[in-house]
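These notes are about the structure you will find just below.
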Amino acid sequence: MAWVGVPEAGTNELSPVAQAGFDGGYLREVVPLLRDAGEDRGALGQALRRKKTVVVNDLKADPNVACKKAALARGYRSMASLPVLVDGRVAALFVLYSAQTGFFDGDELALLKHLAGHISLALKCFEKEEKLNHLAYYDVLTKSANRSLLRDRLTLAIANAGRHGRQVAVISVDIDNFKYINNSLGHKAGDQLLKSVTERLGSCVRDGDTIARQGGDEFVIVLPDQVSDEHASQVIKRILAAIAQPISIGEREFNITCSIGASFYPQDGSDGETILKNADAAMYGAKELGRNTFQFYAKEIDAKINERLMLENSLRRAVEREEFLLQYQPQIHLNRGKITGAEALIRWQHPELGMVSPDKFIPLAEETGLIEPIGEWVLRTACAQNKAWQDARLPAITVSINLSARQFRHKGLAETIARALRETGLKAECLGLELTESLVMHNAAAGALMLGNLKQMGVKLSIDDFGTGYSSLSYLRRFPIDELKIDQSFVRDVMTDPDDAIIAKAIIALAHGLNLRVTAEGVETKEHIDFLQGRRCDQAQGFYFSKPLHSREFEELLQQKSLMETTDRRTH
Ligand code: C2E
Ligand code: MG
Ligand code: MG
């Protein structure tokens, strides 16, 4: 009789996987008794432990044989136990019994060892193949399914659902702003984050569902066998909540969000490719809605995606064709009534769409990287314009430009600015840079370094939209900032919303306490001015004085002595 036993991983138990010859119920009887076969007792135990062939040529006479009675009762008189080794560990035991005593002699044993060697080689090949299969179907980093397995599973799910009149839901999940995290914290932290996200996704679905990573930070979940879209909705809500839980990586804690899109077989497409494409389109729809939300696929989303693609293409062309222009909005000193600065605001003169506002195309320019050439154009144009005004002997002012996150993260920013100043001949103190809190704080250490470099050059640094970003105030002390700009949302309702009034007041006090200048944005009415003057706000910018103007119009304004007198009919 011969049998093959495989040791269970992590235990000493042997499980028979193959058997041939006369058994007479022997294995059934002895296997439960072999629980501790690895304890170095009996022939099997020794073979397991010592990884050596153990031969007992007279079962009757050997005192070490376990289950001797059972063996003798079946007429076994001798036995050999051969370990099958794979990479140095016992992958299986090959056990043989003979009715003759002294059966396992030299020749016989040599043959059997040879055989065990072959089995070992075969097992090795199987394991390798399994590993290769794993590599072919699973994502190495997150251990979730990869694209190929996703497509297999989806095809299978669709075929099944088709037969039984059920639905298949495909959910596309994309982490919001993952690139920032990955770039600013390094890829190791990024990898860690992806693993945590995979685990969380796993906790939101059932056993038969498939989670796949599509590459990057995009995950796809297949829910087979759905009777309605109710369950998918629940899963989506669970995912949004699970991802929103803080994630700790190393010493730091992160709050991330994701955007989710879903599409269904058969409503949204008849094949896997279409369903996947539409779930993706829905996910982009969720991003457009402002992220951290979800969208079901609908035909209108397709149209939106197309619109976005078209806009992206024409934005690319706009850079080449120089379809941009700058408008300038004055910043007025509230005591003196004089223009002390101007904010340069970009406009896109689209050949068909007309004037496109920056809120529409700056985010797109950020995502596509087009912000780099666009931002550099803004910088040069603003510097050259301010120099031209100075050369025309107009009152000296600071012209400020807005920097986007991508520009700020670019290592060469300080050099680019220095070059623009040098080539246009503008003094550094006549240029201002507006940065948002979240942009600076995203990587506070790198941010502080960059701000230090810029400050050293002599340019003015402002925090734009103050009060809407990070809540950490300690950075104000550490960063070399010159000015806070109160976000227009607080200014708008200072007269009607007591909370906003308190916030605006507090920001002014905070700025002054830290020796910073403070400018109110979005100042539209006389009441706003009165409020701000009452709180000793330094400067104001808004439609009350002027909307953003073409350079020619701005020049005229600059020649006026005081804006307060012309706009404010009451005398002080
Ligand atoms: P921001 O830097 O906060 O600019 C102020 C925005 O408020 C401008 O919108 C301006 O036209 C508007 N505004 C000014 N006064 C008033 C007012 O009294 N009431 C109201 N309701 N709005 C007022 P705009 O020009 O559409 O720009 C929007 C945003 O686009 C800017 O916000 C800025 O973040 C960004 N942006 C503009 N130009 C550039 C640029 O050259 N580069 C980058 N990266 N971003 C830019
Ligand atoms: Mg600004
Ligand atoms: Mg602003």
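Here the numbering used here is used: position 404 in the sequence shown is 764, and no number is missing along the way. Glycine included, C-beta positions come from ideal geometry on N, C-alpha and C.
- The stretch 405-477 contains, as complete alpha helix (DSSP H) runs of 4+ residues, the segments 428-433 (chain order).
- Collapsing the DSSP output to three states places residue 848 in a helix.
- Distances from the CA of residue 646 to each of 760, 617 and 759 were compared; the closest alpha carbon is that of 617.
- Not one heavy atom of ligand 2 sits closer than 7 angstroms to the Cβ of residue 843.
- Bridge pairing for residue 625: 528 [DSSP].
- In this structure, the straight-line span from the alpha carbon of residue 878 to that of residue 782 is close to 29 angstroms.
- Residue burial annotation: residue 903 is exposed, with fewer than 16 other C-beta atoms found within 10 angstroms of its C-beta.
- Look at the beta carbons and you see the stretch 607-614 not touching the stretch 624-639: under three pairs across the two are nearer than 8 angstroms.
- Along the stretch 602-679, the alpha helix (DSSP H) occurs as fully enclosed runs of 4 or more residues at 632-648, listed in sequence order.
- Collapsing the DSSP output to three states places residue 874 in coil.
- In the pairwise beta carbon analysis, the stretch 663-680 is classified as not touching the stretch 560-571: fewer than three pairs are separated by under 8 angstroms.
- In this structure, residue 762 has its beta carbon less than 7 angstroms from a heavy atom of ligand 2.
- Residues 496 and 497 of the same chain have their beta carbon placed closer than 7 angstroms to that of residue 508, with the five preceding and five following residues left out of the count.
- In this chain, the alpha helix (DSSP H) harbouring residue 804 covers 804-817.
- Bounds of the alpha helix (DSSP H) holding residue 552 are 547-562.
- Ligand 2 has a heavy atom closer than 7 angstroms to the beta-carbon of residue 794.
- In chain order, 390 and 393 place their CB closer than 7 angstroms to the CB of residue 427, counting only its own chain and leaving out the 5 sequence neighbours on each side.
- If you compare the alpha carbons of 416, 445 and 480 with that of residue 460, the shortest gap goes to 416.
- Remark: the shortest separation between the CB of residue 714 and any heavy atom of ligand 1 does not fall under 7 angstroms.
- Residue 896 counts as exposed, since fewer than 16 other beta carbons sit within 10 angstroms of its beta carbon.
- Following the DSSP letters along the chain, one finds residue 716 inside the beta strand (DSSP E) bounded by residues 714-716.
- DSSP, reduced to helix, strand and coil, places residue 762 within a strand of the structure shown.
- In this structure, the alpha-carbon of residue 719 lies about 14 angstroms from that of residue 668.
- For residue 750, the uninterrupted alpha helix (DSSP H) run begins and ends at 731-751, by DSSP.
- Residue 375: member of the beta strand (DSSP E) spanning 374-380, first to last residue.
- The Cβ atoms of residue 724 and residue 706 lie no closer than 8 angstroms to each other.
- Contact between the stretch 916-926 and the stretch 687-695 is present: three or more C-beta pairs spanning the two stretches fall below 8 angstroms.
- DSSP places residue 780 inside the alpha helix (DSSP H), whose first and last residues are 773-784.
- Judged by the Cβ position, residue 913 fails to qualify as a neighbour of ligand 3 at the 7 angstroms threshold, every heavy atom of the ligand being at least this far.
- Distance from the Cα of residue 381 is smallest, within the candidate group 778, 409, 434 and 624, for 434.
- Classified as exposed, residue 594 has fewer than 16 neighbouring CB atoms from the shown chains inside 10 Å of its CB.
- The shortest C-alpha to C-alpha distance from residue 757 to any of 740, 765, 787 and 728 is the one to 787.
- Taking 8 angstroms as the cut-off, the Cβ atoms of residue 900 and residue 699 do not count as close.
- DSSP places residue 822 inside the beta strand (DSSP E), whose first and last residues are 820-826.
- Using a Cβ distance threshold of 8 angstroms, residue 592 and residue 529 count as a contacting pair.
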